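J.: Under the numbering used here, the first residue of the sequence shown carries the number 62, and numbering increases by one thereafter. Note that CB positions come from ideal geometry on N, CA and C, so glycine has one too. As the structure is a computational prediction, the values presented were derived from the model and not from experiment. Could you have a look at this structure, given as structure tokens, before my questions?
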Amino acid sequence: MTRLARRLTLTDAVVIGLGSMVGAGVFVVWGPAAAAAGGGLFLGLALAALVAYCNATSSAQLAARYPTSGGTYAYGREVLGDWWGFLAGWGFVIGKTASAAAMALTVAAYLVPQGWWQRPLAALAVIALVAVNYHGVTRTAALTRIIVAAVLVVLLGAVVLLFLGRPAAPWTGGDPLASGPLGVLQSAGLLFFAFAGYARIATMGEEVIAPERTIPRAIGIALGLAVLFYALVGAGVVGVLGTDALASSTAPLLDAVAAAGATWAMGPVRIGAALAALGALLALVAGIGRTSLAMARNGDLPRPLAGVHPVHQVPHVAEITLGVVVSLLVLAVDLRAVIGFSSFGVLLYYFVANLAALRQAEGRRHPRALQVLGMALCAVLVVTLPWQSVAVGVAVYGVGVLGRLVARRQESSR
Numbered sequence: 062m063t064r065l066a067r068r069l070t071l072t073d074a075v076v077i078g079l080g081s082m083v084g085a086g087v088f089v090v091w092g093p094a095a096a097a098a099g100g101g102l103f104l105g106l107a108l109a110a111l112v113a114y115c116n117a118t119s120s121a122q123l124a125a126r127y128p129t130s131g132g133t134y135a136y137g138r139e140v141l142g143d144w145w146g147f148l149a150g151w152g153f154v155i156g157k158t159a160s161a162a163a164m165a166l167t168v169a170a171y172l173v174p175q176g177w178w179q180r181p182l183a184a185l186a187v188i189a190l191v192a193v194n195y196h197g198v199t200r201t202a203a204l205t206r207i208i209v210a211a212v213l214v215v216l217l218g219a220v221v222l223l224f225l226g227r228p229a230a231p232w233t234g235g236d237p238l239a240s241g242p243l244g245v246l247q248s249a250g251l252l253f254f255a256f257a258g259y260a261r262i263a264t265m266g267e268e269v270i271a272p273e274r275t276i277p278r279a280i281g282i283a284l285g286l287a288v289l290f291y292a293l294v295g296a297g298v299v300g301v302l303g304t305d306a307l308a309s310s311t312a313p314l315l316d317a318v319a320a321a322g323a324t325w326a327m328g329p330v331r332i333g334a335a336l337a338a339l340g341a342l343l344a345l346v347a348g349i350g351r352t353s354l355a356m357a358r359n360g361d362l363p364r365p366l367a368g369v370h371p372v373h374q375v376p377h378v379a380e381i382t383l384g385v386v387v388s389l390l391v392l393a394v395d396l397r398a399v400i401g402f403s404s405f406g407v408l409l410y411y412f413v414a415n416l417a418a419l420r421q422a423e424g425r426r427h428p429r430a431l432q433v434l435g436m437a438l439c440a441v442l443v444v445t446l447p448w449q450s451v452a453v454g455v456a457v458y459g460v461g462v463l464g465r466l467v468a469r470r471q472e473s474s475r
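Structural data, given as structure tokens:
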């Protein structure tokens, strides 16, 4: 079996994780989150950060013990058994493929608000990023550095403008419990999904230098920075708009910048949002490719997807296949409004990660109470999902389980 090369440093891993988390969500999630929680918005952010911390410590502990491609797919197989790993991997690959298509369309929508060329531009973005990934993980890390740096500059600039442009009598927050526990939980779910990309570092564990030390540190640093930036942006948009106006906004950061009297900055903010979506898409291509590689090695996806390029040492077959599938998706359908089922898959993915870390006997780094709390919070957030998302998620998993059963029976008969 051809292995991937260990080329990613601590800085590379942190930047890739940050690029996964500070995506388009930081520009748009505040409207739906405020509509759900009202004055309890920051309670939702705190709860989302707690869920993320529990899940991140589990992922970090497992990645240090099993530094290979595939993330929770690999950990589930090692600690819990083949089926647990498959459930995590299948949900990740299918859900994140839909997310990649949605993110590509988001990039195009920010750059070209309307017009027939939106979809071709989205497909072109996918092809370009697959080409970057194809030429080596160091190229992926280098481009991610550029994108993340530009996005953080835009966000910091916008936050400064928002704090300078706050009204003389700033919004005080209102009653944080007015929306009730369900509203806070719903906002926590939205915010959690917006910055749940820290697992991307773990999926690339086979390419990280000194993974036992690097991956846990990278996950912790990236998550801490992401939560900080979300808190700063949230404070800025709430301070200018208040939660009532924020709840009805479809582009909260743009609306807040305009309300703060800095309409000249709306163009850079729009470009920053497009770059953030592009960075998230780049990390998705890398993460899905590595998880597909791991699954193909074990026959849980077609085995040709396990091919590794002899020169660039990347899962080129999986990445090219992903590029073709996502390009066709963005040209044919708009998945931005119908990928709620990926939230179902993400929660199951982290539930498996927490369960595997709970059962882990060697290489423990964190108390089991954190893993129990992480499992409980994942289960609670599932309850807050729309029933349609749960139904589609169950159906997608049903297709995967049936396909695996058929494939295993055919292998046995041969």
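Would A184 pass as a contact of V346 if the rule is Cβ separation under 8 Å?
T.: Your numbering for residue 184 matches position 123 in the sequence shown. Your numbering for residue 346 matches position 285 in the sequence shown. Not a contact, by the Cβ cut-off of 8 Å.
J.: Under 6 Å Cβ to Cβ from A263, same chain only, skipping five residues before and after it: list those, please.
T.: Residue 263 sits at position 202 when you count from the first residue of the sequence shown. Answer for A263: S120, A124, G132, listed in chain order.
J.: Buried or exposed, going by whether 16 or more other CB atoms sit within 10 Å of the CB of D476?
T.: Residue 476 cannot be examined here, being either before or after the span of the chain that is shown, 62 to 475.
J.: Any idea if L431 is buried or exposed, counting beta-carbon neighbours within 10 angstroms, 16 or more meaning buried?
T.: Against the sequence shown, residue 431 aligns to sequence position 370. Result: buried.
J.: Output yes if chain D places a C-beta closer than 8 Å to the C-beta of V191; else output no.
T.: As a matter of chain content, chain D is missing from the structure shown, which is built from one protein chain.
J.: Would the beta-carbon of V101 fall within 8 Å of that of S310?
T.: Walking along the sequence shown from the start, residue 101 turns up at place 40. Walking along the sequence shown from the start, residue 310 turns up at place 249. According to the sequence as given, residue 101 is Gly; it is not Val. No, Cβ-Cβ distance for G101 and S310 is not below 8 Å.
J.: Between the alpha carbons of L141 and Y410, how many angstroms are there, rounded?
T.: Taking the first residue of the sequence shown as 1, we reach residue 141 at position 80. Taking the first residue of the sequence shown as 1, we reach residue 410 at position 349. Going from the Cα of L141 to the Cα of Y410 covers about 13 Å.
J.: Could you round the C-beta distance between L485 and V301 to whole angstroms and report it? I think they count as a contact, below 8 Å.
T.: Nothing can be reported for residue 485: it is not among the residues displayed for the chain, which extend from 62 to 475.
J.: Using a 10 Å radius around the Cβ and a threshold of 16 neighbouring Cβ atoms, would you call L343 buried or exposed?
T.: As a first step, residue 343 must be located in the sequence shown, where it is residue number 282. It counts as buried.
J.: Exposed or buried, T324, counting other C-beta atoms within 10 Å across all chains shown (16 or more means buried)?
T.: In the sequence shown, the residue the question calls residue 324 occupies position 263. The residue is exposed, with fewer than 16 neighbouring Cβ atoms inside 10 Å.
J.: Report yes or no: do the region 437–449 and the region 416–425 share at least 3 C-beta pairs separated by less than 8 Å?
T.: No: fewer than three Cβ pairs fall under 8 Å.
J.: Below 8 Å between beta carbons: does that hold for M356 and G156?
T.: As a working note, residue 356 is residue 295 in the sequence shown. As a working note, residue 156 is residue 95 in the sequence shown. No. Outside cutoff.
J.: Would you report the Cα separation of G80 and R200, rounded to the nearest angstrom?
T.: For the purposes of this step, residue 80 is taken as residue 19 along the sequence shown, with counting starting at 1. For the purposes of this step, residue 200 is taken as residue 139 along the sequence shown, with counting starting at 1. Rounded to the nearest angstrom, the two C-alpha atoms are 14 Å apart.
J.: For A85, collect the residues of the same chain with a Cβ closer than 7 Å to its Cβ; drop the 5 residues on either side in sequence, then sort them by chain order.
T.: Position 24 of the sequence shown, counting from 1, holds the residue named residue 85. Cβ neighbours of A85 beyond the five flanking positions: M164, T167, A334, A337, A338, A341.
J.: Among T118, R465, R261, which one has its Cα closest to the Cα of M436?
T.: As a working mapping, residue 436 is identified with position 375 in the sequence shown. It is T118.
J.: Residues bridged to V269 by DSSP?
T.: Here residue 269 is taken as the residue at index 208 of the sequence shown, counted from 1. DSSP output for V269 lists L69 as bridge partner(s).
J.: Hey, how far is the Cα of G99 from the Cα of P93?
T.: Mapped onto the sequence shown, residue 99 falls at position 38. Mapped onto the sequence shown, residue 93 falls at position 32. Approximately 10 Å, taken between the alpha carbons.
J.: Between V330 and the rest of its own chain, which residues show a CB-CB distance below 7 Å, the 5 nearest in sequence each way excluded?
T.: On the sequence shown, residue 330 is found 269 positions in, with the first residue counted as 1. Taken in chain order, the residues that qualify are V215, A219, L314, L315, V318.
J.: Measuring alpha carbon to alpha carbon, tell me which residue in G384, R429, S240, W144 is nearest Y458.
T.: Within the sequence shown, residue 458 is the residue found at index 397, counting from 1. Measuring from the Cα of Y458, the nearest candidate turns out to be W144.
J.: Would you give the residue range spanned by the alpha helix (DSSP H) that S404 belongs to?
T.: In the sequence shown, the residue the question calls residue 404 occupies position 343. Its alpha helix (DSSP H) spans residues 402–420.
J.: In terms of alpha-carbon separation, which member of A96, G303, P365, M265 lies closest to A202?
T.: Taking the sequence shown and counting its residues from 1, one reaches residue 202 at position 141. A202 has its Cα closest to that of M265, out of A96, G303, P365, M265.
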